[in-house]
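**Student:** This structure is in structure tokens; I'll ask about it shortly.
Number of protein chains: 2
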Amino acid sequence: MKNLDKLFYPESIAVIGATEVKLKWGSIVLANILDGGFKGPVYPVSTSRETVYGLKAYKSLKDIPGKVDLAYVATPSHTVMEIMRDCAENDIRNMVIISSGFSEAGGDGVRLEQELADFARKHAINVVGPNTMGMSNLNWNLFGTGAHPRPVPGNISIIAQSGNVGNQIMLWAELEGFGIGKFVGSGNEAVLKVEDYLEYYNEDKDTGVILIYLEGVDDGRKFLDIAKNTTLKKPVIALKAGRTVGGSRAAASHTGAMAGSFRIFESVMRQTGIMIAMNPTELLELSVAFDSFPLPKSNRVGIVTLGGGWGVITADECEERGLTMPPLPDEIRNKLDKKLPPFWSRSNPVDLVGQPDVALYKESIELMVSSDAYDSVIVLGIIGSASFGIRPLQATNRLGYISDDEMRRIEEGSAIIEKQILDTILTLMNRYHKPIYPVTMAAFPDNEIMHTAEGSRYKVIVYKTPEMAVLCLSRQYLYSRYLKMRGSC
Amino acid sequence: MKNLDKLFYPESIAVIGATEVKLKWGSIVLANILDGGFKGPVYPVSTSRETVYGLKAYKSLKDIPGKVDLAYVATPSHTVMEIMRDCAENDIRNMVIISSGFSEAGGDGVRLEQELADFARKHAINVVGPNTMGMSNLNWNLFGTGAHPRPVPGNISIIAQSGNVGNQIMLWAELEGFGIGKFVGSGNEAVLKVEDYLEYYNEDKDTGVILIYLEGVDDGRKFLDIAKNTTLKKPVIALKAGRTVGGSRAAASHTGAMAGSFRIFESVMRQTGIMIAMNPTELLELSVAFDSFPLPKSNRVGIVTLGGGWGVITADECEERGLTMPPLPDEIRNKLDKKLPPFWSRSNPVDLVGQPDVALYKESIELMVSSDAYDSVIVLGIIGSASFGIRPLQATNRLGYISDDEMRRIEEGSAIIEKQILDTILTLMNRYHKPIYPVTMAAFPDNEIMHTAEGSRYKVIVYKTPEMAVLCLSRQYLYSRYLKMRGSC
């Protein structure tokens, strides 16, 4: 195994091609590293400047006084070979080559890239790229990409065969509040390939879930072996782009990847335990679910809902995705009989018929999650019901029949209720080690999407739609079944 | 045809069971009507109060001095029959019966509902419900439901066999800024049924698109005839819940609807031209797309993208949904050859390889939409690229190398660019009458989701994901093909 430790956890960084010229890669990447708060020394290398962004600049890598662990390169392609030789001479064993103009450009670029790859292998230099969006390690305060998304640090690590898609996923993660660990845009994969990153992430203690955007793999056998090994340890979620003829054609003109038959890919993936996402949204959402919820032991789901219609919709989604909804045990039915109006559903989904009763919400959720009949619970519309439910009171307030003071108290109370329900779900997950998926009645702009607490093993993700909750739960079940099959659960 | 005009456009309203007791239906609905700004007189009816929310209250419908067009009823079920008799005597021909405790409760409720339905038919009273979330007409300042969502007025009218799902869709519409026309929760459908509302919406000049949440239909034949007639005039989008065994079981315990085979439903729907949604999100999104974009004449799509990866993903989605991506005409290729770096894709998708050049964006979009080779265009990542693209400059500003004043100018400039691109798309749609679907690089919290202008025939919806854009476009194509087949396009 290649040792990529100093690539992802460098003590010091050089940026070759550093400049203050706006929107040049050498400016963008350096600004990202500095603004991102990297803790070690950063050495700009510039042939023309004395300082860049207030840092002393060096004419060449040779002139840098200290040890350099990692070099970012953002200079024209024809200059990169010489820079790599300088790296070798100065014992710099890790490079991120942002520069384009290599195999993706055809012609001379192909030869340049081959030369570069041969040299790197000979001198044991780890190379990300060329033609990469860059590499970041958020657990190391290192933001080293050509775009500036800023998710919070977390345990989901990304390998992207498209920098553009990868960065977008990073940006979505930022906007939703999802935590990301490492990000690498693999670029042309002249030296380090998707399977090398996968192998490294597998051993990486900061990585809990691995997210891959895949267009193609050179060494399928090796990728599969590593994948099979990795999924025993942590979940791997992959989106394979280029699964249709049109998509493959687009992929060929993008990264030159040859897309094979998606059916074959799918069945091979099933053997490796990699979970497949069909689009970038699913890719991120699945990764977050695996990072947050305990795995369900079976496909038996209990549903608690505030309204009948949503229960029906969710039941459809569950059944279509291979989850089952076993009938309500007598014990639960008898207990709820005492709490609910006579016309309640008496079945799974448990329809709480709109009762605004927080104690009842908590009790029903616990009845379901503690029952041997269910290994997971979906909770529909309880989150969000307090915020939405006080709207009639806000109207009454506007009509002048509830004082502003009282209204404020009611609004504060409703926020407390929302939080209590999230806390209840979190507590119950930690107690029973079963996933409880809440779907919000409506995602208000200031709602928490991810909820956790000090010392909690799990996180609660609040879903905007039942279909996304069911998709994530069903993939968690598939993974759990896969692990059982491999004898590892 | 039943005349439901005074139901949906009443000049005056009575609310029976009006009260100031918080969170009782008689308070919630009245507060909604008053706070919603209904223009005509509103008469509370209360056996115990002199006034309710500052309005004189009447002991009975008989005591109301003026003509009443519509009565909302929120009293216990055993009192409703007498109220209906009062309605008949006072020539009130439209009732919205919020009260529950009818057929959904079983036992006596079934008999009560039958009695009520017989009487209503005999006396030509239009009845919404019973057991309904209510009815609203946003084009008439009438908010008459038991929940308080507040979307802007628009042309999408809703029929919901679950008040809970319907209200949630209304709330989503509010949060996304999508315009809604009418909303009716059909409840137990004792008198007026889903097909009656469909028939009315078909004739309704304020309704452009019809959205239906369906659990079951009593008179399938009638529903299909009306649907077939309606889709010739305006798009109808339906979500059928209870399409699996588990879902049907849940539906049976919810509204008592018997769900048939979804396959049969699907094939029948195909004949009627109703477009099928698979979940509530799709239901709303499809309705909004039909309400906003021109219909494509064929399935030939041109794609313009800022990054290769997203182009691949979108190409996959297109092909999987029956859309085709014809190759780039020489004329367009030659024109773009002069503008783009030598290694550009030269094919469809057109990959602008990240060039930050607004004039180029506009020109490429126009080249594609004006070409005979394409009947629709998907634009990936151009919207949002200015807001995201200035982040490196914001970092440089934080590092102290761009002044705050200059940064403010840059940020204003970027907002102007975002708007210019939206305006360009809108202008081009109005010029070529082809849909142009933009997908944003990332949905920043303060981004516009819907963009239009005075006098524009169309609206631009900014999609958060390529898959939703492709889904909507593909359904627009199916509808366009359906209309052609029926000889009406």
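Protein chains in written order, with the numbering used here: chain A, 1 to 489; chain B, 1 to 489.
Quick reminder that beta carbons are idealized off the backbone N, C-alpha and C, glycines included.
Please read all numbers here as calculations on a predicted model, not as lab measurements.
1) Excluding the five sequence neighbours on either side, which residues of its own chain have a C-beta within less than 8 Å of the C-beta of R85/B, listed in chain order?
2) At a Cβ threshold of 8 Å, is R486/B touching chain A?
3) Grab me the residues of H433/A's own chain with a C-beta within less than 6 Å of its C-beta, minus the 5 sequence neighbours each way, in chain order.
4) As an exercise, report each continuous alpha helix (DSSP H) stretch of at least 4 residues that is fully enclosed by the stretch 209–257 of chain A, in chain order.
5) In chain order, what residues of the same chain have a beta carbon less than 7 Å from the beta carbon of Q394/B, not counting five sequence neighbours either side?
6) Report the option in S60/B, I382/B, S345/B whose CA atom is closest to the CA atom of E363/B.
7) Tell me the DSSP secondary structure of Y58/B in three-state form.
8) Compute the Euclidean distance between the alpha carbons of S136/B and K182/B, then round it to the nearest angstrom.
9) What residue range does the beta strand (DSSP E) around S157/A cover?
10) Could you give the distance in angstroms between the alpha-carbon of M1/B and the alpha-carbon of T51/B?
11) For R417/A, I'd like the list of residues in its chain whose CB is within less than 8 Å of its CB, leaving aside the five on either flank, ordered along the chain.
12) So which residues of chain B does S162/A contact, with C-beta pairs closer than 7 Å?
13) With DSSP collapsed to three states, give me the class of S100/A.
14) For the alpha helix (DSSP H) that contains Y482/A, what are its first and last residues?
15) Can you confirm whether A250/A, when its beta carbon is compared against all beta carbons of chain B, has any partner nearer than 8 Å?
16) Please give me, in chain order, every unbroken run of the alpha helix (DSSP H) with length at least 4 that falls completely inside the stretch 387–445 of chain B.
17) Spatial neighbours of G109/A within its chain, please: C-beta separation below 6 Å, excluding the five flanking residues on both sides.
18) Since I believe G144/B is in contact with V301/B (beta carbons under 8 Å), could you give me their beta-carbon distance rounded to a whole number of angstroms?
19) Among the residues of its own chain, which have a CB less than 8 Å from the CB of E82/A, if the five just before and after it don't count?
20) Please check the pair S99/B and P130/B, which I expect to be a contact at CB under 8 Å, by giving their CB distance rounded to whole angstroms.
21) Give the straight-line distance between the Cα atoms of T492/B and R249/A, rounded to the nearest whole angstrom.
22) Output, in chain order, the set of chain B residues within a Cβ distance shorter than 7 Å of L286/A.
23) Would you kindly work out how many angstroms separate the C-alpha atoms of E195/A and D219/B, rounded to a whole number?
24) In chain order, which beta strand (DSSP E) runs of at least 3 residues are fully inside the stretch 263–328 of chain B?
25) So, helix, strand or coil for S136/B, using DSSP?
26) For V462/A, which beta-bridge partners are listed by DSSP?
27) Within the continuous beta strand (DSSP E) that includes V42/A, where are the two ends?
28) Is the Cβ of N229/B closer than 8 Å to any Cβ of chain A?
29) Three or more beta-carbon pairs under 8 Å between the stretch 221–232 of chain B and the stretch 166–186 of chain B, yes or no?
30) Give the DSSP-derived three-state secondary structure of A71/B in the structure shown.
31) Please identify the residue among P435/A, M441/A, R457/A whose C-alpha is closest to the C-alpha of Y477/A.
32) Since K182/B is in the alpha helix (DSSP H), which residue starts that stretch and which ends it?
33) Would you list, in chain order, the members of the stretch 382–399 of chain B that have their beta-carbon closer than 7 Å to a beta-carbon of chain A?
34) Using the beta-carbon of each residue, which ones in chain B are nearer than 7 Å to N299/A?
35) Secondary structure at S376/A, three-state DSSP: helix, strand or coil?
36) Excluding sequence positions up to five away, which residues of its chain have a Cβ less than 6 Å from the Cβ of V191/B?
**Tutor:** Let's see:
1) Locating residue 85/B in the second sequence gives position 85, where the first residue counts as 1. Closer than 8 Å at Cβ, skipping near neighbours: F119.
2) On the second sequence, residue 486/B is found 486 positions in, with the first residue counted as 1. Not one chain A Cβ lies under 8 Å of R486/B.
3) If you number the first sequence from 1, residue 433/A lands on position 433. Here the set comprises P294.
4) You should have 220–231, 245–254.
5) Within the second sequence, the letter at position 394 stands for residue 394/B. Excluding sequence neighbours, Q394/B sits near M407.
6) The residue labelled residue 363/B in the question sits at position 363 within the second sequence. Nearest of S60/B, I382/B, S345/B to E363/B, Cα basis: I382/B.
7) As a first step, residue 58/B must be located in the second sequence, where it is residue number 58. Strand.
8) Counting from 1 along the second sequence, the entry for residue 136/B is found at position 136. Counting from 1 along the second sequence, the entry for residue 182/B is found at position 182. Roughly 6 Å between the two C-alpha positions.
9) Here the question's residue 157/A lines up with position 157 in the first sequence. Per DSSP, S157/A belongs to the beta strand (DSSP E) from 153–160.
10) Here residue 1/B refers to the residue found at position 1 of the second sequence. Here residue 51/B refers to the residue found at position 51 of the second sequence. Confidence is the limiting factor: at M1/B the pLDDT is only 39, short of 50, which leaves the residue's position unreliable, though a coordinate-based value still follows. Those two C-alpha atoms are separated by around 39 Å.
11) Locating residue 417/A in the first sequence gives position 417, where the first residue counts as 1. According to the sequence shown, residue 417/A is Ile rather than Arg. So the qualifying residues of the chain are V358, A386.
12) By 1-based counting over the first sequence, the position of residue 162/A is 162. By Cβ distance, chain B contributes G307, G308, G309.
13) The residue given as residue 100/A occupies position 100 in the first sequence. DSSP, read as helix, strand or coil, puts S100/A in coil.
14) Start at 1 with the first residue of the first sequence, and residue 482/A comes out as number 482. Following the DSSP letters along the chain, one finds Y482/A inside the alpha helix (DSSP H) bounded by residues 466–485.
15) For the purposes of this step, residue 250/A is taken as the residue at position 250 of the first sequence. Yes, contact with chain B.
16) Within the stretch 387–445 of chain B, the complete alpha helix (DSSP H) runs of at least 4 residues are 391–398, 404–432.
17) Locating residue 109/A in the first sequence gives position 109, where the first residue counts as 1. For G109/A, where only same-chain residues beyond five positions count, the Cβ hits under 6 Å are G101, F102, S103.
18) For the purposes of this step, residue 301/B is taken as residue 301 along the second sequence, with counting starting at 1. For the purposes of this step, residue 144/B is taken as residue 144 along the second sequence, with counting starting at 1. Wrong, their Cβ atoms sit about 42 Å apart, outside the cutoff.
19) Here the question's residue 82/A lines up with position 82 in the first sequence. So no residue of the chain qualifies.
20) Locating residue 99/B in the second sequence gives position 99, where the first residue counts as 1. Locating residue 130/B in the second sequence gives position 130, where the first residue counts as 1. Yes, S99/B and P130/B are in contact; Cβ-Cβ is about 5 Å, under 8 Å.
21) Any property of residue 492/B remains undetermined from this structure, which presents chain B solely from 1 to 489.
22) As a first step, residue 286/A is located in the first sequence; it is residue number 286 there, counting from the start. Ordered by position in chain B, no residue passes the 7 Å Cβ test against L286/A, which lies about 14 Å from the chain.
23) If you number the first sequence from 1, residue 195/A lands on position 195. If you number the second sequence from 1, residue 219/B lands on position 219. The alpha-carbon atoms of E195/A and D219/B are separated by roughly 59 Å.
24) 275–277, 301–305
25) For the purposes of this step, residue 136/B is taken as residue 136 along the second sequence, with counting starting at 1. Of the three classes helix, strand and coil, the one that applies to S136/B here is strand, per DSSP.
26) Within the first sequence, numbered from 1, the residue matching residue 462/A stands at position 462. None, per the DSSP bridge assignment.
27) The count along the first sequence starts at 1 and reaches residue 42/A at position 42. Where V42/A is concerned, the enclosing beta strand (DSSP E) stretches over 42–45.
28) Along the second sequence, read from residue 1 onward, the residue named residue 229/B stands at position 229. Output row for N229/B: interface = no.
29) no
30) The count along the second sequence starts at 1 and reaches residue 71/B at position 71. The three-state reading of DSSP puts A71/B in strand, counting E and B together.
31) The count along the first sequence starts at 1 and reaches residue 477/A at position 477. The candidate whose alpha carbon is nearest that of Y477/A is P435/A.
32) Along the second sequence, one-based indexing puts residue 182/B at 182. That residue, K182/B, is in no alpha helix (DSSP H); its beta strand (DSSP E) goes 180–185.
33) Residues passing the 7 Å Cβ filter: F388, R391, P392, L393, A395, T396, R398, L399.
34) In the first sequence, counting from the first residue as 1, residue 299/A sits at position 299. What N299/A touches in chain B: nothing, since even the nearest Cβ is about 12 Å away.
35) To locate residue 376/A, count along the first sequence from 1; it is residue 376. Three-state DSSP puts S376/A in a strand.
36) On the second sequence, residue 191/B is found 191 positions in, with the first residue counted as 1. These residues qualify, in order along the chain: A117, A120, V127.
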